[in-house]
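A.B. asks: I'd like to ask you about the structure that follows.
Residue numbers (this note's numbering): 134 to 464.
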């Protein structure tokens with residue numbers, strides 16, 4: 134579905150945008166891939182790595198609506214990956230997080246409607262489900278904005294959906310590079326926030342695959358949640374450095390012991406498919422699709438009452454050996 138299409142990625146010089154671009158260049162035949170981001174150095178480095186004539190780079194910020202309108206002109210599909218994501222930093226800089234994650238989402242929606250973009254998928258996070266930190270709260274607001282945007286399209290064919298998943302193995306700012314940095318500096322112990330802590334885990338290629346597949350599956354208004362494994366943080370530390378000690382440092386501001394991707398309060402809206410869940414919109418659109426069968430013809434079924442997709446109760450838990458295997462090849 135990406136053949137001869139123009140794809141734009143906001144925040145495209147991040148870990149996700151780089152992997153997505155490589156995947157589209159390798160497996161698809163898009164007419165053009167547009168990377169929109171704020172950092173000229175990251176753009177220069179990414180351009181040097183790829184050396185592809187169909188990849189274009191635009192300096193811009195999702196906070197600037199006029200820039201997005203100009204950038205989206207002629208674009209078929211938008212992946213909105215730009216966000217301020219660091220939980221403790223968001224706690225100390227709330228207004229900046231709101232400007233990017235909430236007002237930025239509003240600007241993406243406006244620009245997509247103004248320019249006739251066909252489909253928009255916004256990246257979300259498990260922290261948006263029952264949020265206790267500002268980052269999660271802003272992403273919940275963003276999810277709601279993108280869902281409700283399908284009621285604003287009027288006669289346009291633009292449609293919006295959300296993909297929500299957990300921690301990305303090896304992404305910048307995540308715990309894997311942090312542990313490896315400590316070890317490279319000669320540390321004999323790794324910092325553990327709490328021995329009970331669990332997280333959902335997904336690799337970058339898996340995350341990209343989920344997003345690209347969601348473009349084909351979507352009607353508009355869905356929150357797509359992939360079925361992925363959980364891991365205990367202590368097991369992650371053992372997989373990386375089995376001989377290192379573990380030092381308890383306590384939970385950081387805004388952290389949870391376990392993450393949720395499908396909240397219990399949304400169980401009446403949640404559908405279970407073979408390899409993913411779909412949280413249906415709580416509002417009724419003028420054209421309300423039957424989400425039980427997606428646009429690819431895959432069929433889901435309602436989950437049980439009070440169902441919750443929680444990293445602490447997820448039956449799919451990675452062992453130390455499986456984590457080690459997952460980490461192979463992650464730089």
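C-beta atoms are modelled at their ideal positions from N, C-alpha and C, and glycine is treated no differently.
Could you check where the beta strand (DSSP E) with residue 359 kicks off and where it finishes?
C.D. replies: Start at 1 with the first residue of the chain shown, and residue 359 comes out as number 226. First-last of the beta strand (DSSP E) with residue 359: 356 to 359.
A.B. asks: Quick check on this structure: which residue in 221, 290, 208, 150 has the alpha carbon closest to the alpha carbon of residue 256?
C.D. replies: Here the question's residue 256 lines up with position 123 in the chain shown. The candidate whose alpha carbon is nearest that of residue 256 is 150.
A.B. asks: Which residue marks the beginning of the alpha helix (DSSP H) containing residue 374, and which one marks its end?
C.D. replies: In the chain shown, the residue the question calls residue 374 occupies position 241. That residue, residue 374, is in no alpha helix (DSSP H); it is neither H nor E in DSSP.
A.B. asks: Do residue 240 and residue 216 have their C-beta atoms closer together than 7 Å?
C.D. replies: To locate residue 240, count along the chain shown from 1; it is residue 107. To locate residue 216, count along the chain shown from 1; it is residue 83. In this structure, residue 216 does not lie closer than 7 Å to residue 240 by Cβ.
A.B. asks: With DSSP as the reference, label residue 205 as helix, strand or coil.
C.D. replies: To locate residue 205, count along the chain shown from 1; it is residue 72. Reduced to three states, the DSSP call for residue 205 is helix.
A.B. asks: I'd like the list of long-range same chain contacts for residue 196, defined as Cβ closer than 8 Å, with 5 residues on each side in sequence excluded.
C.D. replies: Reading the chain shown from its first residue, position 63 is the one you call residue 196. Cβ within range, chain order: 232, 233, 236, 237, 240.
A.B. asks: Is it right to say residue 322 is buried, meaning 16 or more other beta carbons lie within 10 angstroms of its own, or is it exposed?
C.D. replies: Within the chain shown, residue 322 is the residue found at index 189, counting from 1. Exposed, since its Cβ has fewer than 16 Cβ neighbours within 10 Å.
A.B. asks: Report yes or no: do the segment 309 to 321 and the segment 266 to 277 share at least 3 C-beta pairs separated by less than 8 Å?
C.D. replies: The segment 309 to 321, when compared against the segment 266 to 277, does not touch it at the 8 Å Cβ threshold.
A.B. asks: If you draw a straight line from the alpha carbon of residue 243 to that of residue 384, how long is it in whole angstroms?
C.D. replies: Position 110 of the chain shown holds residue 243. Position 251 of the chain shown holds residue 384. The alpha-carbon atoms of residue 243 and residue 384 are separated by roughly 38 Å.
A.B. asks: May I ask you to report which of helix, strand or coil DSSP gives residue 227?
C.D. replies: As a first step, residue 227 is located in the chain shown; it is residue number 94 there, counting from the start. Residue 227: helix per DSSP, three-state reduction.
A.B. asks: Using DSSP with H/G/I as helix, E/B as strand and the rest coil, what is residue 455?
C.D. replies: Residue numbering aside, residue 455 sits at position 322 when the chain shown is read from its first letter. In this structure, residue 455 counts as helix in the three-state DSSP scheme.
A.B. asks: CA-CA distance, residue 162 and residue 431?
C.D. replies: Numbered from its first residue, the chain shown carries residue 162 at position 29. Numbered from its first residue, the chain shown carries residue 431 at position 298. Going from the Cα of residue 162 to the Cα of residue 431 covers about 25 Å.
A.B. asks: Can you list, in chain order, the residues of its chain whose CB lies under 6 Å from that of residue 355, leaving out five sequence neighbours each side?
C.D. replies: As a first step, residue 355 is located in the chain shown; it is residue number 222 there, counting from the start. Only 294, 411 meet the Cβ criterion.
A.B. asks: Looking at the secondary structure, which residues open and close the alpha helix (DSSP H) in which residue 149 lies?
C.D. replies: Your numbering for residue 149 matches position 16 in the chain shown. First-last of the alpha helix (DSSP H) with residue 149: 148 to 160.
A.B. asks: So does the segment 384 to 402 actually touch the segment 438 to 452, counting three or more Cβ pairs closer than 8 Å?
C.D. replies: Because the criterion of three Cβ pairs below 8 Å is met, the segment 384 to 402 and the segment 438 to 452 touch.
A.B. asks: Three-state secondary structure (DSSP) at residue 268?
C.D. replies: If you number the chain shown from 1, residue 268 lands on position 135. It is helical.
A.B. asks: For residue 341, I'd like the list of residues in its chain whose CB is within less than 6 Å of its CB, leaving aside the five on either flank, ordered along the chain.
C.D. replies: Here residue 341 corresponds to residue number 208 of the chain shown, with the count starting at 1. So the qualifying residues of the chain are 152, 153, 156.
A.B. asks: How long is the line joining the alpha carbons of residue 186 and residue 368, rounded to whole angstroms?
C.D. replies: The sequence position of residue 186 within the chain shown is 53, counting from 1. The sequence position of residue 368 within the chain shown is 235, counting from 1. If you take the alpha carbons of residue 186 and residue 368, they lie about 43 Å apart.
A.B. asks: Report the rounded CA-to-CA distance for residue 230 versus residue 299, giving the unit in angstroms.
C.D. replies: Numbered from 1 along the chain shown, position 97 holds the residue referred to as residue 230. Numbered from 1 along the chain shown, position 166 holds the residue referred to as residue 299. Approximately 19 Å between the Cα atoms of the pair.
A.B. asks: Considering only their Cβ atoms, is the gap separating residue 174 from residue 193 smaller than 7 Å?
C.D. replies: Along the chain shown, one-based indexing puts residue 193 at 60. Along the chain shown, one-based indexing puts residue 174 at 41. Against a cut-off of 7 Å, the Cβ pair of residue 174 and residue 193 comes out as no contact.
A.B. asks: Where does residue 410 fall in DSSP's three states?
C.D. replies: Your numbering for residue 410 matches position 277 in the chain shown. Three-state DSSP puts residue 410 in a strand.
A.B. asks: For a test of the three-state rule: what should DSSP assign to residue 179, helix, strand or coil?
C.D. replies: Position 46 of the chain shown, counted from the start, is the residue given in the question as residue 179. If DSSP states are grouped into helix, strand and coil, residue 179 belongs with the helices.
A.B. asks: Of all Cβ atoms in chain B, is any one closer than 7 Å to the Cβ of residue 353?
C.D. replies: Here there is only one protein chain, and chain B is not present.
A.B. asks: Does residue 257 come out as helix, strand or coil in the three-state DSSP assignment?
C.D. replies: By one-based count along the chain shown, residue 257 stands at place 124. Of the three classes helix, strand and coil, the one that applies to residue 257 here is strand, per DSSP.
A.B. asks: Looking at the unbroken beta strand (DSSP E) that takes in residue 165, where does it start and where does it end?
C.D. replies: Locating residue 165 in the chain shown gives position 32, where the first residue counts as 1. Residue 165 -> beta strand (DSSP E) spans 165 to 170.
A.B. asks: With contact counted as at least three CB pairs below 8 Å, one residue from each stretch, are the segment 139 to 150 and the segment 207 to 214 in contact?
C.D. replies: Output reads yes: the segment 207 to 214 touches the segment 139 to 150.
A.B. asks: Return the residue from the list 386, 333, 425, 421 that minimises the CA-CA distance to residue 226.
C.D. replies: Counted from its first residue, the chain shown places residue 226 at position 93. It is 386 whose Cα lies nearest to the Cα of residue 226.
A.B. asks: Can you list, in chain order, the residues of its chain whose CB lies under 7 Å from that of residue 389, leaving out five sequence neighbours each side?
C.D. replies: Mapped onto the chain shown, residue 389 falls at position 256. Hits under 7 Å: 265.
A.B. asks: What are the residues that DSSP puts in a beta bridge with residue 432?
C.D. replies: Translated into positions along the chain shown, residue 432 becomes position 299. Residue 432 pairs with 426.
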